[in-house]
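For the sequence shown, counting from 1, position 50 maps to 54 in my numbering; every step adds exactly one.
In this text, a Cβ means the ideal position worked out from N, Cα and C, and glycines have one as well.
Structure first, commentary second.
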Amino acid sequence: MIKYQPLPSNIYELIEEAGHYLASRADIAFAYLFGSLARGRAFPLSDVDIAVYLEKETALTMSKMALLGDLIDILHTDEIDLVVLNQAPVSLIKRILSSKKVIVDRNPSLRQKFESVMMRLGFDFSFVEKRILERRYMCG
(Lines of atoms letter the chains of each structure in order from A and count residues from 1; the text may use other names and numbers.)
(Lines give C-alpha, C1' and ligand atoms only; values in the text may rest on other atoms or scores of the structure.)
Protein backbone atom coordinates (compact mmCIF):
# COMPACT_ATOMS: atom_id res chain seq x y z
CA MET A 1 0.00 0.00 0.00
CA ILE A 2 1.36 3.39 -0.98
CA LYS A 3 0.24 5.74 1.75
CA TYR A 4 -1.43 9.03 1.02
CA GLN A 5 -2.42 8.53 -2.61
CA PRO A 6 -5.79 10.12 -3.44
CA LEU A 7 -8.64 7.81 -4.36
CA PRO A 8 -9.98 7.85 -7.94
CA SER A 9 -12.70 10.46 -8.44
CA ASN A 10 -15.21 7.74 -9.43
CA ILE A 11 -14.52 5.60 -6.35
CA TYR A 12 -18.20 4.97 -5.57
CA GLU A 13 -18.77 3.55 -9.08
CA LEU A 14 -15.67 1.39 -8.66
CA ILE A 15 -16.92 0.17 -5.26
CA GLU A 16 -20.17 -0.92 -6.92
CA GLU A 17 -18.09 -2.83 -9.49
CA ALA A 18 -16.07 -4.40 -6.65
CA GLY A 19 -19.35 -5.45 -5.01
CA HIS A 20 -20.39 -7.25 -8.21
CA TYR A 21 -17.01 -8.98 -8.31
CA LEU A 22 -17.25 -10.07 -4.65
CA ALA A 23 -20.82 -11.31 -5.19
CA SER A 24 -19.62 -13.47 -8.08
CA ARG A 25 -17.21 -15.35 -5.83
CA ALA A 26 -18.68 -18.51 -4.33
CA ASP A 27 -16.38 -18.32 -1.30
CA ILE A 28 -17.79 -15.00 -0.03
CA ALA A 29 -20.96 -15.21 2.07
CA PHE A 30 -21.26 -11.47 2.69
CA ALA A 31 -19.21 -8.31 2.52
CA TYR A 32 -19.34 -4.82 3.97
CA LEU A 33 -18.03 -1.44 3.03
CA PHE A 34 -17.19 0.36 6.27
CA GLY A 35 -15.43 3.46 7.48
CA SER A 36 -15.54 6.93 5.97
CA LEU A 37 -16.70 5.83 2.50
CA ALA A 38 -19.62 3.87 3.98
CA ARG A 39 -20.64 6.94 5.97
CA GLY A 40 -20.38 9.12 2.85
CA ARG A 41 -17.65 11.23 4.43
CA ALA A 42 -14.63 10.42 2.32
CA PHE A 43 -11.64 12.72 2.36
CA PRO A 44 -9.08 13.03 -0.44
CA LEU A 45 -6.69 10.71 1.41
CA SER A 46 -9.27 8.21 2.68
CA ASP A 47 -8.77 4.52 2.06
CA VAL A 48 -11.32 1.89 1.02
CA ASP A 49 -12.36 -0.30 3.96
CA ILE A 50 -13.89 -3.64 2.95
CA ALA A 51 -14.71 -6.61 5.19
CA VAL A 52 -15.57 -10.07 3.86
CA TYR A 53 -16.83 -13.24 5.50
CA LEU A 54 -15.55 -16.37 3.77
CA GLU A 55 -17.71 -19.50 3.56
CA LYS A 56 -14.77 -21.82 4.20
CA GLU A 57 -12.08 -20.98 6.69
CA THR A 58 -9.34 -22.85 4.85
CA ALA A 59 -6.39 -20.93 3.43
CA LEU A 60 -7.65 -17.57 4.70
CA THR A 61 -4.32 -15.84 4.12
CA MET A 62 -4.12 -16.98 0.49
CA SER A 63 -7.74 -16.00 -0.10
CA LYS A 64 -7.13 -12.57 1.41
CA MET A 65 -4.05 -11.99 -0.74
CA ALA A 66 -5.88 -13.02 -3.92
CA LEU A 67 -8.89 -10.86 -3.04
CA LEU A 68 -6.70 -7.87 -2.25
CA GLY A 69 -4.89 -8.17 -5.57
CA ASP A 70 -8.18 -8.31 -7.47
CA LEU A 71 -9.64 -5.38 -5.52
CA ILE A 72 -6.55 -3.27 -6.23
CA ASP A 73 -7.11 -3.88 -9.95
CA ILE A 74 -10.86 -3.14 -9.78
CA LEU A 75 -10.66 -0.06 -7.56
CA HIS A 76 -7.56 1.41 -9.28
CA THR A 77 -5.93 2.05 -5.92
CA ASP A 78 -3.89 0.18 -3.37
CA GLU A 79 -5.32 2.28 -0.54
CA ILE A 80 -7.46 -0.68 0.58
CA ASP A 81 -7.93 -2.09 4.05
CA LEU A 82 -9.32 -5.61 3.58
CA VAL A 83 -10.54 -7.41 6.70
CA VAL A 84 -11.43 -11.11 6.74
CA LEU A 85 -14.17 -11.25 9.36
CA ASN A 86 -13.52 -14.95 10.06
CA GLN A 87 -10.24 -14.03 11.75
CA ALA A 88 -10.85 -10.46 12.96
CA PRO A 89 -10.89 -9.57 16.67
CA VAL A 90 -14.22 -8.71 18.30
CA SER A 91 -13.12 -5.12 18.95
CA LEU A 92 -12.55 -4.54 15.22
CA ILE A 93 -15.76 -6.32 14.18
CA LYS A 94 -17.70 -4.11 16.60
CA ARG A 95 -16.33 -0.99 14.89
CA ILE A 96 -17.02 -2.43 11.44
CA LEU A 97 -20.64 -3.21 12.32
CA SER A 98 -21.17 0.31 13.64
CA SER A 99 -20.52 1.86 10.21
CA LYS A 100 -21.22 -0.99 7.80
CA LYS A 101 -22.92 -0.86 4.43
CA VAL A 102 -23.76 -4.33 3.11
CA ILE A 103 -22.37 -4.71 -0.43
CA VAL A 104 -22.73 -8.51 -0.77
CA ASP A 105 -25.34 -10.67 0.92
CA ARG A 106 -25.27 -14.17 -0.56
CA ASN A 107 -26.22 -15.77 2.77
CA PRO A 108 -28.53 -13.38 4.69
CA SER A 109 -29.28 -15.80 7.53
CA LEU A 110 -25.56 -16.37 8.18
CA ARG A 111 -24.93 -12.61 8.06
CA GLN A 112 -27.75 -11.87 10.51
CA LYS A 113 -26.56 -14.60 12.88
CA PHE A 114 -22.98 -13.32 12.66
CA GLU A 115 -24.07 -9.73 13.35
CA SER A 116 -26.23 -10.78 16.30
CA VAL A 117 -23.51 -12.87 17.93
CA MET A 118 -20.81 -10.27 17.30
CA MET A 119 -22.93 -7.39 18.63
CA ARG A 120 -23.52 -9.34 21.86
CA LEU A 121 -19.84 -10.24 22.15
CA GLY A 122 -18.90 -6.65 21.34
CA PHE A 123 -21.24 -5.36 24.02
CA ASP A 124 -19.75 -7.76 26.59
CA PHE A 125 -16.24 -6.89 25.43
CA SER A 126 -16.85 -3.15 25.81
CA PHE A 127 -17.24 -3.57 29.59
CA VAL A 128 -13.97 -5.49 29.83
CA GLU A 129 -12.24 -3.03 27.53
CA LYS A 130 -13.46 -0.09 29.63
CA ARG A 131 -12.11 -1.68 32.83
CA ILE A 132 -8.76 -2.38 31.21
CA LEU A 133 -8.46 1.18 29.95
CA GLU A 134 -9.47 2.61 33.34
CA ARG A 135 -6.85 0.46 35.08
CA ARG A 136 -4.21 1.46 32.57
CA TYR A 137 -5.09 5.13 33.03
CA MET A 138 -5.07 4.91 36.83
CA CYS A 139 -1.86 2.87 37.06
CA GLY A 140 0.01 4.80 34.41
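Per-residue burial, residue i [other beta carbons within 10 Å of its own, 16 or more giving buried]
i, result
"K117", "exposed"
"E20", "exposed"
"G73", "exposed"
Neighbourhood of residue i by C-beta, 6 Å cutoff - its chain only, sequence neighbours within 5 removed
i, result
"V87", "A55"
Cβ separation of residue i and residue j, assumed to be a contact under 8 Å, to the nearest whole Å
i, j, result
"A46", "L11", "7 Å"
"G23", "I107", "4 Å"
"D31", "E59", "5 Å"
"D53", "L37", "7 Å"
Cut-off 8 Å between Cβ atoms - residues of its own chain near residue i, not counting five sequence neighbours on either side
i, result
"L114", "A33, F34 and Y57"
"V94", "M122, L125, G126 and F129"
"K68", "L86 and V88"
Cβ shell of residue i (< 7 Å), same chain only, five flanking positions each side left out
i, result
"I97", "L89, M122 and G126"
Does the contact criterion of 3 or more C-beta pairs under 8 Å hold for the stretch 101–118 versus the stretch 68–79?
no
Please specify which runs of the alpha helix (DSSP H), each continuous and at least 4 residues long, are wholly inside the stretch 91–132, giving them in chain order.
94–102
Taking the runs of the beta strand (DSSP E) that are 3 residues or longer, which of them lie wholly in the stretch 22–80?
32–38 and 52–58
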